[in-house]
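Going by numbering that gives the first Met the number 0, the sequence shown wraps up at 382, each residue one higher than the last.
For every residue, glycine included, the Cβ atom is placed at its ideal position computed from N, Cα and C.
Fair warning: this is a prediction, and the values are worked out from it, not measured in the lab.
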Amino acid sequence: MRTITLLQPGHILFGNGCADQCAEDLLARGYRRVFLVSSPPLVELGLIALLVSALEAGGAEVVVYAEIDREPTVSMAEVAIENARALNPDAIVGVGGGSAMDVAKVVAALHDGDQRVSDILGIGLLEGRRTFLACLPTTAGTGSEVSPNAIMLDEAANLKKGAVSPHLVCDAAYVDPMLTVTMPPALTAATGMDAMCHCVEAYLNLNPHPIVDLLVLEGVRLIGANLRRAVEDGDDLEAREQMALGSLYGGLALGSVNTNGVHALSYPLGSEFHVAHGISNAVLLPYVLEFNLSAMPDRYAQVARALGAEEGSAVEETARSGMDALKQLSADVGIPTRMSDLGVSREALPRMAEAAYTVQRLLRNNPRPMSVGDILKIYETAY
Ligand SMILES: [Fe+2]
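Given below as structure tokens:
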């Protein structure tokens, strides 16, 4: 068995209402200048107001920076860092989906140092982080609250890139399912399928690990059984709770085993055509699974069982019924099935294949090696 390093926040709180604990914890640790990174809809929904008023009542100065209105670019993160510098914060809080949390992570790491955002794109390039960082996810989700990754569009290269560093793992994650109940159905579907991809790709992985297998197979089961319910009735708190748990499990896999071909092929759809991360993953998932099937049919069959799919007479048959179940889930929650439905132009496919091929940090986990030609073929089939 290979050696694995598990990276996760020192404190993970999970449960309905646990977000209320965040202000108290920050104040108890002595933090008095809090820079809060979030997104415009969350301010409108009032999700941040309680946290801000509790911090202010405790004597803290709070600057709310709710400017993360789309998947972040390097320059968006640079602007956020500039804004943080005016406060000289002693704690950073990210409240939102992966976009807001990723920016919060980068701000916490860079606001008081000399490194620029472009310096840390890659693996292990960040020198350190001195400022306390808390994350509160409002989707279920990206898993960013527990991962060592921050994903941003590098405008210079027109490519989505990841900053990956143990210093980007936050100090405290508050996973409160109640923060997700106001999420609209389409966002619930997209982020839920992203979480499903984290679990599936970590399980159907060239470098899996038994510790992570435990988490992500359960994640597949939870998301498979609850995503439809959460999309149909956002107030179904039980479904929201199970989704938050599944998302957390997927997130915990990101630092140690990570995703593979689906996420790698998905990035160019976001870079060039601004397709939402969860949507591009969900659309590509069946096509990448088809490509990888021959490498590990037994593991595919385990995914099928976790989804409650029909057991076939041979392992390949069971594997296929699991793939069908994933396709059906995606369709049931309203996600398109083809890249041509996403505003992607066919002429772009060859350069997208070249771009996806550069995401070797994920492709090296893919069960089967993927050449540029293989990637192009997958895109063409998915188009
Ligand atoms: Fe993802």
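Non-local beta-carbon contacts of aspartate 234 in its own chain, meaning distances under 8 angstroms to residues more than five positions away in sequence, involve Val180 in chain order. Counting every other CB atom within 10 Å of its CB across the protein chains shown gives glutamine 359 a total below 16, marking it as exposed.
With fewer than 16 other Cβ atoms from the protein chains shown falling within 10 Å of its own Cβ, serine 370 counts as exposed. The secondary-structure analysis by DSSP pairs proline 183 with nothing; it has no beta-bridge partner. In the DSSP assignment, proline 136 falls within the beta strand (DSSP E) that extends over 131-136.
Relative to the non-hydrogen atoms of ligand 1, the Cβ of asparagine 204 never comes closer than 7 angstroms to any of them.
With a cut-off of 8 angstroms on Cβ pairs, the region 123-131 is not in contact with the region 324-343, counting fewer than three such pairs. When DSSP states are grouped into helix, strand and coil, asparagine 280 belongs to the helix group. Three or more Cβ pairs closer than 8 angstroms define a contact, and the region 0-9 falls short of that threshold against the region 29-37.
Not one heavy atom of ligand 1 lies closer than 7 angstroms to the C-beta of asparagine 257. Contact check between the region 217-225 and the region 152-165: fewer than three CB pairs, one atom from each, fall below 8 angstroms, which does not count as touching. When rounded, the separation of the alpha-carbon atoms in alanine 313 and methionine 242 is 31 angstroms. Arginine 319 sits buried, since 16 or more C-beta atoms from the chains shown fall within 10 Å of its C-beta. Contact check for aspartate 101 against alanine 149 passes: the beta carbons are separated by less than 8 angstroms.
Placement of the Cβ of threonine 141 at a distance of less than 7 angstroms from at least one heavy atom of ligand 1 is found.
Per DSSP, the unbroken alpha helix (DSSP H) holding tyrosine 356 starts and ends at 348-356.
In the three-state reduction of the DSSP assignment, isoleucine 67 falls in the coil class.
Aspartate 153 is bridged by DSSP to Leu158.
Taking 8 angstroms as the cut-off, the beta carbon of alanine 90 is found closer than this to the beta carbon of leucine 25. In the DSSP assignment, arginine 360 falls within the unbroken alpha helix (DSSP H) covering 359-362. In the structure shown, the three-state DSSP call for glycine 233 is coil. Beta-bridge annotation (DSSP): threonine 258 is not paired with any residue.
Contact annotation: valine 230 and threonine 187 have beta-carbon atoms nearer than 8 angstroms. DSSP places arginine 337 in the coil class of the three-state scheme, outside both helix and strand.
With the rule of 3 Cβ pairs closer than 8 angstroms, the region 194-210 does not count as touching the region 52-63.
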